[in-house]
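S.K.:
2 protein chains.
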Amino acid sequence: MEGRKIRGIWGNKSRGRMHLLLVSVTLNLVLLSGLLYERGRRAFSEEKEQVLPGFCPATEVKKMGSLEVESRISSGRGWTEEGRVQKLSSDSVIINLDHGDPTMFESFWRKTGEKSTIIIPGWEKMSYFSDVRNICWFLEPEFAEEVKELHKLVGNAETEGRHIIVGTGSTQLYQAALFALSPSDAPEPMNVVSATPYYSSYPSVTDFLKSGLYKWAGDAYTFDRDGPYIELVTSPNNPDGFARQPVVNREGGKTIYDLAYYWPQYASITAPADHDLMLFTVSKSTGHAGTRIGWALVKDPEVARRMTKYVELNTIGVSKDSQLRAAKILRAVRGGYEGEQESGDGETLKFFDFGRLLMAERWDRLRDAVRKNPIFSLPEFPTAYCNFAGESGTSHPAFAWLKCEAEHVDDCESFLRSNRILTRSGRQFGGDSRYVRVSMVDRDETFDVLIDRLNIIR
Amino acid sequence: MEGRKIRGIWGNKSRGRMHLLLVSVTLNLVLLSGLLYERGRRAFSEEKEQVLPGFCPATEVKKMGSLEVESRISSGRGWTEEGRVQKLSSDSVIINLDHGDPTMFESFWRKTGEKSTIIIPGWEKMSYFSDVRNICWFLEPEFAEEVKELHKLVGNAETEGRHIIVGTGSTQLYQAALFALSPSDAPEPMNVVSATPYYSSYPSVTDFLKSGLYKWAGDAYTFDRDGPYIELVTSPNNPDGFARQPVVNREGGKTIYDLAYYWPQYASITAPADHDLMLFTVSKSTGHAGTRIGWALVKDPEVARRMTKYVELNTIGVSKDSQLRAAKILRAVRGGYEGEQESGDGETLKFFDFGRLLMAERWDRLRDAVRKNPIFSLPEFPTAYCNFAGESGTSHPAFAWLKCEAEHVDDCESFLRSNRILTRSGRQFGGDSRYVRVSMVDRDETFDVLIDRLNIIR
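Line by line, the protein sequences give chains A and B.
Here the first sequence is numbered in this note's numbering, starting from 20 and rising by one per residue.
Here the second sequence is numbered in this note's numbering, starting from 20 and rising by one per residue.
Okay, here's the thing in C-alpha cells:
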C-alpha cells in the first residue's frame, strides 16, 4: 500500500517505463555482479596502509569498485571491459551502504524540470564578494532568503535574530564552529565531546590537524575533566536516529547542534529548534550532497564573525555557483507546497511528502526482513505528532542502526561484509562492534538488494 | 594604440555603446562618491577590534562600503537612499584595491554567450562521488580533462605523470599540501617559509588553527633552523610580480609552487613548469574567483592521496557545480583558440589575448602616471620570449608593488588611504611599509579613478 502511494506521486504514465527500467537494471546487475565481486576482492587484498578514519577512508575508497558499478547499474548502462561482456550471478554483487550518499532523492528531482534547473552565464558571480554589508560577506542573499523561507515552511528551526553562515557542507561549518567557540589564547586546547554513539567522522575531523585550539575528548557520558568544553549534539542522531539533548550540562560548556537530519522525511517536526548554534546541510535536506552547501544559524554575532573568519582563511568563501543552485533547489521545494511545482504529468510534486513515503516504505520493508531473521534487531522509535505533516508518526532515520543478535557474531560489520554488504562498524561511532550503521538513502536498486540479502542471511 | 587594440577585440559596433556607458558611469560616480566617502569614514571610525589578518580582515570588510558602491557604479545603476539622490564630487570616492578581485575579466565573459553558460538540472551531480577509480574521488573527469587541455594549449605546466587534485580554491589546496608534506608523527611542527615579500595570507592561513603538524617560520632568506621544512615559492610572485626560485635549497626541504599567476596575461610563458607540487586556480587564470576552484598537479601518489584526505576531512570533496562550471569556462577559453568562440559580432574571442592587451594597457597607463610623479616608483621587469604569444614581452602582474619614494612618506598605505585609495601595506607581506600592493585586475572604472588620483597626488 505504501508502494502504491509512492507510485502515485509519479502518476500512471511512468509505471510502464519504470518496469522496463527495472528489467534492464536487473539484467545489468546480473551481468556486472561477478566482475564487481572479483574487483572488490582484489581491492581488499591490496589493502595495506593505515589512514585516518573519516568520511571516506582509504579502505572505503578501495571498496568503491562496487559503488562505481552501482551507478552504472542505476543509470541503466551495460558494462564492458576491453569489449567483453561478463555473465555473473546477482548474489555475488557487493553493495556499499557504508556512507550516506543520498542518491535516493534523485528520482524525485528528475521530475522537477526547469523549476530546479540552474543556468549561470560565464560572466556572473565572478567576484569573491556576495554581500559586503553582511557579517558573512560571501553569503549569496538569495540563498539566505530561501533558507529562511524553508525553515518557515517546515517549522524546524527559528531563524529570527540569527546570522546565517554558509559553508562548504556542514563539515566545514562544524570546524568553523570549533574555531569560533575555542578561545585563541587558552593554555590548553578545548575539549570536544559527544555522547556515544556519535558520528564517526567527528573525532578525525576534530583532530586531523592536531590543533592547539581544540581536541577530541570522546564520549560525553564519561567526560569528567574540569574547565570549558564543547558538546556536539546531533539530533536526530547519526548513527542511531534518536532525538538528543546535551548530556554534560556544566558551566562553561558550549553546544553545537548538528540538525542535519531534522527534516520531515526522517523525523517528526515537533517544534522549531531554538538553539544558539545550529547546523544544516542540503546533502540531507534535499539530497544534494555533491553541491557541498551547508548553513549555520548563529545567535551571537561574535561567533558568527569568527565562523566567517574560519571559512575565509580556509577557503576564501563558498562557491557562488553552488549557493545559487541550492537557492533554486530550496525554492523548488517550497514551490511544491505553494502549488507551483508540477511534474510533466501535471501532478504537484511535494518533496517532503515524497521523502516521507519512501522512507516509511523502506523502513517497513527493513523491519519486516529483520523481524523474520533472528540474527538482527533494530531500535524502536516513539510516536510523535509532526506539525509539518499534521499527523502522528514515528521516525524513519537516514541510517539503520542494525544490531547482530546472534551469539556467533561478535563483529557485525565483518559478518555483513562476508555477505557482500558494506556497512560501517559500531566501533567507528565510539560504540559496540555488534552494531553497524546501514545507509537507508541509497538508490532503489541498492536497497532492494539489501532487503533480498537480509532475507537470505542465516 | 593599445587602447585601439582592446576595442578591436570587441569590434566596431560596440564602441558607441561603450561611450554611452562611460558617460552614464561617470555621472553615477559623481553622484555616489560623497555618500561613499561618508560611509567609508563612518566605517573607519567604528573600527575597534583586532582580528587575524587574512584575505579579508575585519578592517577590510568595514572598508567594503566602497566596494559595494564600486559594483553599483560599474553596473551603471544609480544610487538612492530612502528615495533621495545625493549630489557629490567625484574626487571624494574611495576606491578599494586592497584585494585582487579579478572583476576586470567580466567584460570579456559577457561577450561569450552560451559557450560559457552552465546549465545543471536539479537531479544532476547529487552524489558525493565523482570518479571512484581516481585517487581524488571527488574530481569531476570533465574538469580534469579541461585542466590538462588548457595546460597543453598554454604550455605553462607539465601534466603528464601528475595527479590532479581539485580544491575549494588554491587556498584549500595550500593547506592540503601542508598536511600532505608534514609527517603526522613528528615531535615538532614542520617549519613553513617563503621569501619576503610573500603573499600576506600565508602566515595566518598556516597558523590560524595552531596546528601541531606545521607552523609559519617566516622569511626563507633568513631561515636558519635545522631539520625538515616546507618552502613556498610563488612565481610570478604575489605581491611583486617577479619570477622566483627556491632560496633555502637544503636537504629535507619540500617545495610547494604556487603558480596562480603563471598565465599569459600576467607573464611570459617561457617553459612548462615541471615541479613535484604545483597549485593553480580559476580565480586568476580566468577571473572566476566566486567559483572557488583550484587544482594541484602532484607527482607523488602518496602526496596526492594525503591531499585528497585533507579535502575529504575538511569539506568532503569540492562542489560539483563549480567543477562543471570551471570545466565549461576552461573549454570556452580553449575554444577561442580553436576558432569556436565568437562574440555576437562574429569576432573570435581569445581570452589570453584580451587579458594580455588589457593588462599591457593598464601597466602602460600606470607607468606613465608613476613616471610623472616623483612620489612613486615601480619595479622593472626583464623582457622574455613568450612561447604562447610567439613574441617577446615584459610582465604585467596582477598586482603593482608600488613604492612611496618621497622623504615625507614612511607609510605608503596610510598615505594612499588619506588619498582615498585602499591598498595593502608592504608590512603585511613581511616587507617594508614604504611599499604597497595595488590590485591591477579590478573593473575599468576603478582603475580609471586610480590613474586620475595618481596623476593628482603630490
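The C-beta atom is built at its ideal place from N, Cα and C for all residues, glycine as well.
1) Return the first residue and the last residue of the beta strand (DSSP E) that T300/A is part of.
2) Taking a contact to mean a Cβ-Cβ separation below 8 Å, would you say F407/B touches G174/B in this structure?
3) Give me the residue from L278/B, T305/B, L377/B with the minimum Cα distance to L349/B.
4) Can H294/A and V301/A be called in contact, C-beta distance under 8 Å?
5) Thinking C-alpha only, which one of I184/B, M209/B, T225/B, S149/B is nearest L316/B?
6) Is N210/A helix, strand or coil by DSSP?
7) Between the C-alpha atoms of D471/A and T178/A, what's the straight-line distance to the nearest angstrom?
8) Judging by CA-CA distance, which residue of T274/B, Y221/B, R353/B, A290/B is the nearest neighbour of K167/B?
9) Hey, how far is the Cα of S213/A from the Cα of V252/A?
10) Listing by chain order, which chain B residues have their CB less than 8 Å from the CB of E399/A?
11) Identify which residue in N210/A, A346/A, I137/A, S201/A has its Cα closest to the Cα of E164/A.
12) T253/B touches chain A at which residues, Cβ-Cβ below 7 Å?
13) Y281/B lies in the beta strand (DSSP E); which residues open and close that run?
14) Can you give me the C-alpha to C-alpha distance between T131/B and E464/B, rounded to a whole angstrom?
15) Does the distance from the CB of H118/A to the CB of Y218/B come in under 8 Å?
16) Mind pulling the beta strand (DSSP E) runs of 3 or more residues that sit fully within the segment 388–454 of chain A?
17) Nearest chain B C-beta to G309/A closer than 8 Å, yes or no?
18) What do you get for S201/A, buried or exposed, if any count of 16 or more other CB atoms within 10 angstroms of its CB means buried?
19) Within a Cβ cutoff of 7 Å, which residues of the same chain sit near S396/A, ignoring the five residues on either side of it in sequence?
20) Can you give the Cα-Cα distance for E366/B and A351/B, rounded to whole angstroms?
21) Check the C-beta distance from E250/A over to G272/A and give it rounded, since I have them as a contact under 8 Å.
22) Determine, using beta carbons only, whether T336/B and R311/A come nearer to each other than 8 Å.
23) What residues of chain A sit near K303/B, judged by a beta carbon separation below 7 Å?
24) Taking C-beta pairs closer than 8 Å, name the residues in chain A that Y248/B reaches, listed in chain order.
25) For G445/A and E432/A, I'd like the C-alpha separation in whole angstroms.
26) Taking Cβ positions only, does F466/B come closer than 8 Å to chain A?
27) How about V330/B and A195/B: are their beta carbons less than 8 Å apart?
28) Which residues of chain B have a Cβ atom closer than 8 Å to the Cβ of H118/A, listed in chain order?
29) Just grab the DSSP bridge partners of L251/A for me.
30) Given this structure, state the Cα-to-Cα distance separating I476/A from I440/A, to the nearest angstrom.
31) Give the secondary structure of Y147/A by DSSP, where H, G and I count as helix, E and B as strand, and everything else as coil.
32) Restricting to Cα atoms, I'd like to know which of A262/A, T241/A, Q191/A, V457/A is closest to A403/A.
33) In or out: R453/B buried (at least 16 other Cβ within 10 Å) or exposed?
34) When you compare the CB positions of W420/A and P222/A, do they come within less than 8 Å of one another, or not?
35) Just verifying my parser: in three-state terms, what is the DSSP assignment at R152/A?
36) So S452/A contacts chain C; which residues on that side make the cut at Cβ distance below 9 Å?
M.R.: The short version:
1) 296–300
2) yes
3) T305/B
4) Taking 8 Å as the Cβ cut-off, H294/A and V301/A do not qualify as a contacting pair.
5) The shortest C-alpha separation from L316/B is found at I184/B.
6) N210/A: strand per DSSP, three-state reduction.
7) 43 Å
8) R353/B
9) 6 Å
10) Going along chain B, no residue has its Cβ under 8 Å from E399/A, so there is no contact; the nearest lies around 30 Å.
11) Closest in C-alpha terms to E164/A, from the list N210/A, A346/A, I137/A, S201/A, comes A346/A.
12) For T253/B, there are no C-beta contacts with chain A under 7 Å, since the nearest C-beta of that chain is about 16 Å from it.
13) No beta strand (DSSP E) holds Y281/B; DSSP gives it neither H nor E.
14) 21 Å
15) no
16) 403–405, 410–412, 418–423
17) yes
18) buried
19) Excluding residues up to 5 positions away in sequence, V389, K422, E424 lie with their Cβ nearer than 7 Å to the Cβ of S396/A in the same chain.
20) 14 Å
21) 6 Å
22) It should be noted that the sequence gives Gly, not Thr, for residue 336/B. Yes, they are a contact pair.
23) Here the premise fails: no neighbours, minimum Cβ distance about 12 Å.
24) Under the 8 Å cutoff, chain A gives no residues; its nearest Cβ is about 18 Å from Y248/B.
25) 8 Å
26) No, F466/B lies away from the interface with chain A (no Cβ there is under 8 Å from its Cβ).
27) yes
28) Y147
29) S213/A, I275/A
30) 11 Å
31) coil
32) A262/A
33) Classification for R453/B: buried.
34) It is not a contact, given that the beta carbons lie outside the stated cut-off.
35) Under the three-state reduction of DSSP, R152/A is assigned to coil, being neither helix nor strand.
36) In summary, chain C is missing from the structure at hand, where the protein chains are A and B.
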